[in-house]
Ligand SMILES: Nc1ncnc2c1ncn2[C@@H]1O[C@H](COP(=O)(O)OP(=O)(O)OP(=O)(O)O)[C@@H](O)[C@H]1O
Ligand SMILES: [Mg+2]
């Protein structure tokens, strides 16, 4: 079976607030799905329900075919969950905490030592195994959380902001780890880092006010941006005014952005209907003799799409 995680019509209300409003999704083996959305959009609430840590008001989640509501133990055995901020037992050491998690998964004592070693190894924890968790750096705390999530070799991983607050090196490491783990698993991560979606995710869902407002591959989502096929040119500022006037008059041009950069000006031409205008603009630049030093074509911008779909919803 290809689909390892399926959510059908998940809903969660807190009093009068509909935090999650009819969310359905599937994640296949080998797939990394990104959850995007502004603060308070409902990402964490959805992930808690997917992981079986919060009962939905409506809807159902299936993990490897097991319903979370009626076969909770079986479903959870297939699932690893990294909570937001990775709260852990500070007074424990990584070793004692991971042993505790192994016991919670009913892993036999003889096996547990091996399982803990292997999870610790996967996230490079060995040097701090005997140190109190509350004295570890944020990055190491996060690694302990990830080790706990993967300890029982789950088929589905739900990671709530796994790289939040990590330094660039550790972000890179955690991303590589997630990539490596995705080969034979289904993974959902939430993130506020849009580049992470490009770097890591096969598919992304944008959530706003509890609802899915976009679902597609990163390149599909980016192609919805006003910057899809936008042409950017750098030229000396002395030439930019004439170029800008000519571009504005061009029938294929929807809008023009100008930005000063030292002695130069960067002109970004947004095409009408996201049409491919690179050849036309390049021809115009050549004919007009603009001294263009840089010329590039945009594949679209995720931040533009994100803002457009979630604007005014803080
Ligand atoms: N236990 C709760 N009781 C009441 N309201 C809650 C509870 N948990 C979450 N909420 C509300 O549900 C909404 C969604 O919160 P959630 O934590 O899922 O957002 P999020 O998308 O994860 O945001 P962030 O990007 O800040 O992590 C928010 O308005 C939040 O205040
Ligand atoms: Mg959250």
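Numbering (my numbering), first residue to last: 17 to 330. Cβ coordinates follow ideal geometry from the N, Cα and C atoms, glycine included.
{"Check": "Coil, strand or helix - residue 298 by DSSP", "Outcome": "helix"}
{"Check": "Straight-line gap, residue 320 to residue 127 (C-alpha atoms, nearest Å)", "Outcome": "50 Å"}
{"Check": "Backbone secondary structure at residue 97 - three-state DSSP", "Outcome": "strand"}
{"Check": "Same chain, Cβ closer than 8 Å to residue 25, five either side skipped, listed in chain order", "Outcome": "38, 39, 40, 74, 75 and 76"}
{"Check": "From 82, 314 and 258, residue whose alpha carbon lies closest to that of residue 241", "Outcome": "314"}
{"Check": "Within the stretch 122-203, ranges of the beta strand (DSSP E) (whole runs, at least 3 residues)", "Outcome": "172-176"}
{"Check": "Pairwise C-alpha distance: residue 166 and residue 154", "Outcome": "19 Å"}
{"Check": "Exposure of residue 304, with buried meaning 16 or more beta-carbon neighbours within 10 Å", "Outcome": "exposed"}
{"Check": "The stretch 216-227 contacting the stretch 266-284, beta-carbon criterion three pairs below 8 Å", "Outcome": "no"}
{"Check": "Extent of the continuous beta strand (DSSP E) to which residue 224 belongs", "Outcome": "219-224"}
{"Check": "Burial state of residue 114 (16 or more Cβ within 10 Å)", "Outcome": "buried"}
{"Check": "Residues near residue 251 in its chain [Cβ-Cβ closer than 6 Å; skip 5 each side]", "Outcome": "306, 307 and 308"}
{"Check": "Those runs of the beta strand (DSSP E) which lie wholly inside the stretch 237-321 and span at least 3 residues", "Outcome": "244-252, 269-277, 280-287 and 310-315"}
{"Check": "Counted within 10 angstroms of its Cβ, other Cβ atoms place residue 179 as buried (16 or more) or exposed", "Outcome": "buried"}
{"Check": "Given 8 Å, three or more beta-carbon pairs between the stretch 189-203 and the stretch 271-280", "Outcome": "no"}
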